[in-house]
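Heads up, the sequence shown stops at 481 in the working numbering, and the numbers go up one at a time, no gaps.
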Amino acid sequence: MLFNSIEFAIFLPIVFLLYWFVFNKNLKAQNFFLLIVSYIFYGWWDWRFLSLIVFSSFIDFFTGIRLGTEDNLKKRRLYLTLSIVINLGFLGFFKYYNFFVENFVESFRLFGNELNISSLKIILPVGISFYTFQTMSYTIDVYRRKLEPTKNLIDFFSYVSFFPQLVAGPIERATHLLPQFSKKRTFTYEQGVDGFRLILWGLFKKIVIADTCAKYANIIFSQHETMAGTTLMLGAVYFAFQIYGDFSGYSDIAIGTARLFGFSLMTNFRTPYFSRDMAEFWRRWHISLSTWFRDYLYIPLGGSKGSKSRIIRNTFIIFVVSGFWHGANWTFLFWGLLNALYFIPLLITNKNRSHLGEVAHGKWLPSLKEGAQIMATFALTCIAWVFFRSENISHAFSYLYHIYANAFVHPGQFIVYIKGSFIGLFILFITIEWINRTKPHALYINDYKIPRPLKWGLYYFLILAIFVWGGEQQSFIYFQF
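(1) Please look up how many angstroms separate the CB atoms of SER137 and TRP292, rounded, as I've assumed it's under 8 Å.
(2) Within the same chain, show all residues whose beta-carbon is closer than 8 Å to that of GLU70, passing over the 5 residues directly before and after it, in chain order.
(3) Let me know the secondary structure DSSP gives MET136 once reduced to three states.
(4) Going by beta carbon distance, what residues of the same chain come within less than 6 Å of PHE332, once the five residues before and after it are set aside?
(5) How many Å lie between ASN268 and TYR296 at the Cα?
(6) Where does PRO13 fall in DSSP's three states?
(7) Kindly list the residues whose CB is nearer than 8 Å to the CB of CYS213, restricted to its own chain and excluding five residues on each side of it in sequence; keep chain order.
(8) If PHE181 sits next to ILE128, beta carbons under 8 Å apart, how far is it from one beta carbon to the other, in whole angstroms?
(9) Which residue's Cα is closest to the Cα of ALA90: TYR131, PHE23, ASN350?
(10) Tell me which same chain residues have a C-beta within less than 6 Å of the C-beta of LYS121, skipping the five on either side of it?
(11) Nearest CA to the CA of GLY33: which residue from TYR42, VAL15, GLU225?
(12) Indicate whether LYS265 and GLU172 have their beta-carbon atoms separated by less than 8 Å.
(13) So, helix, strand or coil for SER182, using DSSP?
(14) Give every residue of the same chain whose Cβ lies closer than 8 Å to the Cβ of PHE162, excluding the five residues on either side of it in the sequence, and list them in chain order.
(15) Can you round the beta-carbon distance between SER57 and PHE156 to whole angstroms, since I take them to be within the 8 Å contact cut?
(16) Would you mind sorting ASN4 into buried or exposed? The rule is 16 or more other CB atoms within 10 Å of its CB.
(17) Would ALA279 pass as a contact of PHE343 if the rule is Cβ separation under 8 Å?
(18) Does the beta carbon of GLU225 come closer than 8 Å to any beta carbon on chain C?
(19) Relative to the ligand FMN, is the shortest distance from any of its heavy atoms to the C-beta of GLN165 smaller than 7 Å?
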């Protein structure tokens, strides 16, 4: 079920009313109700894949119980290993089997040998990368004794399948989300209003910004050989805002929806395109995944301890694995490698933590130096996004080559992809994000003394823009991951 669908527009209020007015007197009933509606939400795509979530939940629930009662270190390691192998085994089969088979066969073909190994028609279960990492964080934290294992099966199953963030995150830690299922939840007007603001802003980012950018980016990327260099640069910028509006929009809707039910989810994006270097960008982009890799892979590898060469090695591993997490394609691996190359100079010069605060804090505009840093970081990010968006490596390099080769071609098509009304909405989008860059989210306007008619005028304008600019319903990009 898509957040930007009629089905969800019907589903959400029904679930909300039943949750607060029918099941509100009994916490166990409330959690069981959440579990059922979460399975309905996920099963709307394909009921068959519910069995994977159920099986994964069972494995990690009972693994957690065994880890909580077992003191023998070897047995504890065995239980953890089995859990990780089973979870990654499912993920690897559904997501990477064909990739490895096809590349294995191709490598033998290069040496004149033909192998009769065929790929399978495997359907990738929606959200498998997200809920797999979420369940793994639970067993790892229980193994590390950072978390007491839960003995409440309904609470744990609800944690794994919680519908607002089930399909595309944020990837929640059990230490943060799971305890919320065992506490009585109350609804407040302020919490509800803030949730609806997040949902509204997320829908605006998805339907108006991301989907419009996607329309133009798809045309430019598919016809890049005939486009002028300036048009190709515009296409890269469009995709950068497509993926940001799409993914951060989903996160906003997920966090806002969770608040309607009395839950708090972690922030997943903090205006990443206002970053002054690549290290700051990665502290602000897909925070739930980057911190997951930091805590469960980077630090166990040694983290920032040891020699500089070891730190660089660990950084490369993190970025390459992150790229591979996104999909079974060499473009994602190259995207991860390129971001590692961006990051390494900051590590070598010890400048990777130079920008920990907000840009232009307490000021209306950044300094010239900060503005130049933001533009340079955004340009590097757009180059990397070309590989992320392209169908294959050759497509990406061809796209970048034609930016250079067609640099002096008359940009006749450029104006075709610049629509005045959309540019106005785009400027509004950037302005609101900039003004509220230090706030919990872009529509967090509690601290401003804004007249009520103006405040509601903004809300109604955003709703109007969604209906006017909302074209054909499009899925979220990260559903494929």
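For each residue, glycine too, the CB sits at the ideal point set by N, CA and C.
Working from what's here:
(1) Your pair SER137 and TRP292 checks out as a contact, with CB atoms roughly 7 Å apart and the cut at 8 Å.
(2) If we look at GLU70 and ignore the five residues flanking it on each side, its Cβ neighbours are ARG76, TYR79.
(3) MET136 sits in a helix when the DSSP states are folded into three classes.
(4) The answer, listed in chain order, is GLY323, HIS326.
(5) If I take the Cα positions, the gap works out to 18 Å.
(6) The answer is helix: DSSP assigns PRO13 an H, G or I state.
(7) Only TYR238, PHE239, PHE241, GLN242, GLY245 meet the Cβ criterion.
(8) Actually they do not touch by this definition, with Cβ atoms about 22 Å apart.
(9) The sequence given here has Phe at residue 90, not Ala. Out of TYR131, PHE23, ASN350, TYR131 has the C-alpha closest to the C-alpha of PHE90.
(10) The answer is none, since no qualifying residue turns up.
(11) For the sequence presented, residue 33 should be read as Phe rather than Gly. Out of TYR42, VAL15, GLU225, VAL15 has the C-alpha closest to the C-alpha of PHE33.
(12) A small fix is needed here, since residue 265 is Leu in this sequence, not Lys. The answer is yes: Cβ separation under 8 Å.
(13) Residue state for SER182 is assigned as helix, using DSSP reduced to three classes.
(14) So the list reads LEU34, SER38, GLU172, LEU177, ALA258, PHE263, once near-sequence residues are dropped.
(15) So it is a contact: roughly 7 Å between Cβ atoms.
(16) Of the other Cβ atoms in all chains shown, 16 or more fall within 10 Å of the Cβ of ASN4; this residue is therefore buried.
(17) Yes.
(18) Absent from the structure is chain C; it holds one protein chain and no more.
(19) This structure lacks the ligand FMN, and indeed carries no ligand of any kind.
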